[in-house]
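Below is one structure, written out as structure tokens; comments come after it.
There are 2 protein chains.
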Amino acid sequence: MTSINVYIADDHPVVRKGMVRLLKTFERVGQVKEAADGKELLALLTNDRPHIIILDIEMPVMGGVDTVKAVLQRFPNVKILILTMHSEEVLVRRLLDMGVNGFLTKSSGPEEIEKAIYAIMDNDFYKNAITENAQGIAGAEENEGRRKLTIREIEILLLICKEMTSREISERLHISEKTFFNHRTNIMEKTGSKSNIGLLKYALRKGIIST
Amino acid sequence: MTSINVYIADDHPVVRKGMVRLLKTFERVGQVKEAADGKELLALLTNDRPHIIILDIEMPVMGGVDTVKAVLQRFPNVKILILTMHSEEVLVRRLLDMGVNGFLTKSSGPEEIEKAIYAIMDNDFYKNAITENAQGIAGAEENEGRRKLTIREIEILLLICKEMTSREISERLHISEKTFFNHRTNIMEKTGSKSNIGLLKYALRKGIIST
DNA sequence: TGCCGACATAGGAGTTACTCCTATACGGAT
DNA sequence: ATCCGTATAGGAGTAACTCCTATGTCGGCA
Chain A
1 MTSINVYIAD DHPVVRKGMV RLLKTFERVG QVKEAADGKE LLALLTNDRP HIIILDIEMP
61 VMGGVDTVKA VLQRFPNVKI LILTMHSEEV LVRRLLDMGV NGFLTKSSGP EEIEKAIYAI
121 MDNDFYKNAI TENAQGIAGA EENEGRRKLT IREIEILLLI CKEMTSREIS ERLHISEKTF
181 FNHRTNIMEK TGSKSNIGLL KYALRKGIIS T
Chain B
1 MTSINVYIAD DHPVVRKGMV RLLKTFERVG QVKEAADGKE LLALLTNDRP HIIILDIEMP
61 VMGGVDTVKA VLQRFPNVKI LILTMHSEEV LVRRLLDMGV NGFLTKSSGP EEIEKAIYAI
121 MDNDFYKNAI TENAQGIAGA EENEGRRKLT IREIEILLLI CKEMTSREIS ERLHISEKTF
181 FNHRTNIMEK TGSKSNIGLL KYALRKGIIS T
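Here the protein sequences come in this chain order: A and B. Under the working numbering, residues 1 to 211 are what the first sequence spells out, in order. Under the working numbering, residues 1 to 211 are what the second sequence spells out, in order.
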């Protein structure tokens with residue numbers, strides 16, 4: 001078995017650098033490259049491509065979700081390991097549907113990270129509490145009669161819950177405010193909310209965010 | 001010792017009727033009267049007055065806070081026992097400052113209710129987990145440098161967290177929308193929030209509401 | 001007794017947030 | 001070939017909100 005090339009994308013230098021240093025200590029890991037956001041990561045991919053990409057799901061410039069989409073569209077065989085703060089259940093579910101290969105929290109220890117990388121290389125998937133949990137709620141959500149939120153909608157819901165204004169969110173996502181409002185209206189319809197207050201409560205109930 | 005006269009104000013007929021029936025079984029309890037809201041309660045008080053008033057803090061027509069204020073202003077010697085759903089810490093603190101004599105949740109058992117009534121008659125105060133808890137947070141809140149929320153502000157914050165619109169809230173409180181916005185702005189300033197999302201998060205952190 | 005500060009109230013004028021309806025484009029399922 | 005779901009966005013109107021100013025009340029305090 002040849003060595004595993006790993007790229008990491010995370011906007012927090014501390015996390016990123018620490019991860020790079022850690023990865024290099026792993027026996028089976030070969031080349032390691034880093035990027036501060038999705039755009040940088042995609043730039044790296046023009047020349048060569050890694051076996052595994054470790055991706056922070058909450059990056060400012062190009063969000064994790066967009067990055068997953070872009071990467072998998074161009075290189076369907078690249079494995080993706082998601083770094084997530086809180087285990088946002090619905091979001092995890094969507095990312096799994098997109099073909100992501102595993103999840104880690106930023107508080108994971110070195111052993112777990114190494115285990116995840118090897119599991120993904122050998123079995124194509126790293127199974128842990130986060131992914132287990134997501135299986136459970138998939139069904140539950142269906143039962144409520146309401147349609148599922150799309151990835152874009154979850155992305156928007158997360159930003160709303162961060163106390164960002166409509167302007168800020170639309171600028172961040174490079175869409176018009178109109179489009180933002182359309183999404184927001186759709187989310188409210190799907191979640192049975194009347195306002196941002198209702199949206200935040202929904203996100204809390206569903207574990208999309210934690211208090 | 002003569003028997004204790006108790007009035008109860010609660011907008012939920014089930015709770016109210018149940019409470020009336022229960023109270024009548026207590027040995028030391030004499031006359032029992034009921035009201036569906038603060039206005040009705042005050043009307044009862046024109047003729048005679050009870051030893052203890054049991055008050056639901058979340059009533060639609062005339063809120064519990066207003067009722068407490070009105071009752072104590074006219075009859076400082078009447079004891080007040082608050083019925084509360086969630087133990088909203090900051091609110092409890094304020095009500096204690098106003099001179100309320102004890103708290104019960106609606107899930108309290110008959111024995112606890114009887115105990116509370118006797119404790120208030122005999123010692124002027126019913127001490128339990130809810131009141132204990134409020135003592136603790138009083139200090140914590142002071143430390144943050146920000147001024148305390150007033151009762152009115154907490155009342156408004158609660159309604160905001162219920163996903164009510166500005167119009168609905170101002171109508172409910174019989175104030176102009178302008179006044180509502182002034183309060184809201186002040187609350188945001190005091191709590192360091194930028195929007196309703198921030199207010200809800202604050203309320204959750206402080207235990208003013210529960211998820 | 002008289003004053004001051006905190007609180008609750010509210011108007012005017014302006015800005016931002018948002019709804020409702022309509023419409024286009026694209027990619028995947030049937 | 002068609003259709004549905006998704007993402008995009010404009011026009012026109014309404015609701016929500018800010019900022020500044022101002023008033024009455026009440027309780028404490030000099």
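Every residue gets a Cβ at the ideal spot worked out from N, C-alpha and C, and that includes glycine.
For tyrosine 7 of chain B, there is no enclosing alpha helix (DSSP H); the residue is part of the beta strand (DSSP E) that begins and ends at 4–9. By the criterion of a C-beta distance shorter than 6 angstroms, phenylalanine 180 of chain A is surrounded in its chain by Ser166, Ile169, Ser170, once the five residues flanking it on both sides are discounted.
Per DSSP, reduced to three states, the secondary structure at leucine 55 of chain A is strand. Fully enclosed beta strand (DSSP E) runs of no fewer than 3 residues occupy 102–105 of the stretch 100–187 of chain B, in order along the chain.
Beta-bridge partners of valine 71 of chain A (DSSP): none assigned. Going by DSSP, lysine 39 of chain B is part of the alpha helix (DSSP H) stretching over 38–45. Within chain A, no C-beta atom comes less than 8 angstroms from the C-beta of glutamate 189 of chain B; the nearest is roughly 15 angstroms away. Listed as beta-bridge partners of valine 20 of chain B by DSSP are no residues whatsoever. Under the Cβ distance rule, serine 108 of chain B does not count among the residues neighbouring chain A, no pair being separated by less than 9 angstroms. Residue contact with chain B for leucine 204 of chain A: present (Cβ-Cβ distance below 9 angstroms to some residue of chain B). In the structure shown, the three-state DSSP call for glutamate 189 of chain B is helix.
Assignment of glycine 64 of chain A by DSSP, reduced to helix, strand and coil, places it in the helix class.
Taken through DSSP and simplified to helix, strand or coil, isoleucine 209 of chain A comes out as coil.
The beta carbon of proline 110 of chain B is closer than 7 angstroms to those of Leu22 in its chain, skipping five residues each way along the sequence.
Going by beta carbons, tyrosine 126 of chain A and leucine 104 of chain A fall inside the 9 angstroms limit. Under DSSP, lysine 79 of chain B takes part in a beta bridge, and its partners are B:Ile52. Taking a contact as a CB-CB distance under 8 angstroms, the pair isoleucine 57 of chain B and leucine 81 of chain B does not count as one, their CB atoms being some 11 angstroms apart.
Under DSSP, threonine 25 of chain A shares a beta bridge with no residue. Pairing glutamate 177 of chain A with serine 195 of chain A, the inter-Cα distance amounts to about 17 angstroms. By the Cβ-count criterion, lysine 206 of chain A is buried, with 16 or more other Cβ atoms from all chains shown falling within 10 Å of its own Cβ. Its Cα nearest to that of asparagine 182 of chain A, the residue A:Arg152 stands out among A:Arg152, A:Glu114, A:Ile208, A:Gly198. Under the 9 angstroms criterion on CB atoms, lysine 201 of chain B is classed as interfacial with respect to chain A. In the three-state reduction of the DSSP assignment, lysine 201 of chain A falls in the helix class. Contact of glycine 198 of chain A with chain B by beta-carbon distance below 7 angstroms involves Glu163.
Ranking A:Ala129, A:Tyr118, A:Lys201, A:His174 by CA distance to the CA of leucine 157 of chain A puts A:Lys201 first.
Cβ neighbours of alanine 36 of chain A within its own chain (closer than 6 angstroms, five residues either side excluded): Asp11. Interface annotation, isoleucine 160 of chain A: in contact with chain B, CB-CB separation under 9 angstroms. Against chain A, a Cβ distance below 8 angstroms from serine 195 of chain B picks out Glu163, Thr165, Asn196. Looking at A:Phe26, A:Glu34, A:Thr25, the one whose alpha-carbon comes closest to that of proline 13 of chain A is A:Glu34.
The beta carbon of asparagine 186 of chain A lies closer than 7 angstroms to those of Glu153 in the same chain, with the five residues before and after it left out. Of the candidates B:Pro50, B:Lys115, B:Ala203, B:Lys24, B:Pro50 places its Cα closest to the Cα of leucine 72 of chain B.
CA-CA distance, alanine 203 of chain B to isoleucine 209 of chain B, rounds to 6 angstroms. The C-alpha of isoleucine 197 of chain A is placed about 7 angstroms away from the C-alpha of cysteine 161 of chain B.
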